[in-house]
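The structure appears below as structure tokens.
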Amino acid sequence: MKIAELLAPAAVVPQMKATGKNAALDELAEALIRAHSGLDRDAILRVLHERERLGSTGIGDGVAIPHGKLKNVDQLLLSFGRSRGGVEFDSMDGKPAHLFFLLLASEDSVGIHLKTLARISKLLKNPSIRDALLAAEDSAELYRIITEEDGKL
43 MKIAELLAPA AVVPQMKATG KNAALDELAE ALIRAHSGLD RDAILRVLHE RERLGSTGIG
103 DGVAIPHGKL KNVDQLLLSF GRSRGGVEFD SMDGKPAHLF FLLLASEDSV GIHLKTLARI
163 SKLLKNPSIR DALLAAEDSA ELYRIITEED GKL
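Sequential numbering from 43 applies to the sequence shown in the numbering used here.
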């Protein structure tokens, strides 16, 4: 499944205010709720914190992909955030995270959830894409870069 099919423009945060992991998760959850009304903020944060307790979703190179599964979600949901200043996210490389994709899936999804995580990871492994996202002017440009580059995968 393409990232562009999951990411609503309203779920893009061009300049995150968070400096710590909990605040970043909250900000990304709020973006998701803004794009998909009716979501339970507390439930989202609970599954994200449970997942982070298993190990950080900060994968390194300035990237974090927090994710979790919710009972009342019937489709994959995605938000994106950028922090130019960086967020301490307990990343594998010990460096702050700057680019975030938050992915929520239904509790019974397996294959599509993992394939989407792999697709996001593949997209953000490319240093030129990461640089372009960090340099983007606004949420519209961030969304355009993500959808264009995703179309090339």
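Glycine included, each C-beta is placed from N, C-alpha and C at the ideal position.
It should be emphasised that the depicted structure is a prediction, and the values quoted were computed from it without experimental measurement.
Buried or exposed by the 16-neighbour rule on C-beta atoms within 10 Å, applied to residue i
{"i": "G231", "result": "This structure leaves residue 231 out entirely; the chain is present only between 43 and 195."}
{"i": "G97", "result": "exposed"}
{"i": "V129", "result": "buried"}
{"i": "I154", "result": "exposed"}
{"i": "E94", "result": "buried"}
{"i": "A177", "result": "exposed"}
{"i": "V115", "result": "buried"}
{"i": "L184", "result": "buried"}
{"i": "K167", "result": "exposed"}
{"i": "A182", "result": "exposed"}
{"i": "V152", "result": "exposed"}
{"i": "G127", "result": "exposed"}
{"i": "G110", "result": "buried"}
CB contact flag (residue i, residue j, <8 Å)
{"i": "K59", "j": "E72", "result": "no"}
{"i": "G102", "j": "S133", "result": "yes"}
{"i": "A85", "j": "A52", "result": "no"}
{"i": "L159", "j": "E191", "result": "no"}
{"i": "L112", "j": "L146", "result": "yes"}
{"i": "I188", "j": "F142", "result": "no"}
{"i": "I45", "j": "L144", "result": "no"}
{"i": "P56", "j": "D180", "result": "yes"}
{"i": "L195", "j": "L118", "result": "no"}
{"i": "I75", "j": "R83", "result": "yes"}
{"i": "M43", "j": "K157", "result": "yes"}
{"i": "I107", "j": "S163", "result": "yes"}
Span of the alpha helix (DSSP H) around residue i
{"i": "P184", "result": "The sequence as given places Leu at residue 184; Pro does not occur at that position. Element bounds for L184: S181 to K194."}
{"i": "K240", "result": "No answer is possible for residue 240: it lies beyond the span of the chain, which begins at 43 and ends at 195."}
Rounded distance between the beta-carbons of residue j and residue i, thought under 8 Å
{"i": "L90", "j": "L67", "result": "5 Å"}
{"i": "G100", "j": "A65", "result": "That pair is no contact at about 14 Å."}
Range of the contiguous beta strand (DSSP E) that encloses residue i
{"i": "L141", "result": "A139 to S148"}
{"i": "A53", "result": "L49 to V55"}
{"i": "S133", "result": "Per DSSP, S133 belongs to no beta strand (DSSP E) and is neither H nor E."}
{"i": "G128", "result": "L119 to V129"}
**Asked** At what residue ranges does the stretch 67 to 114 contain a whole run of the alpha helix (DSSP H), taking only runs of 4 or more?
**Response** Segments of the alpha helix (DSSP H) lying fully in the stretch 67 to 114: 83 to 96.
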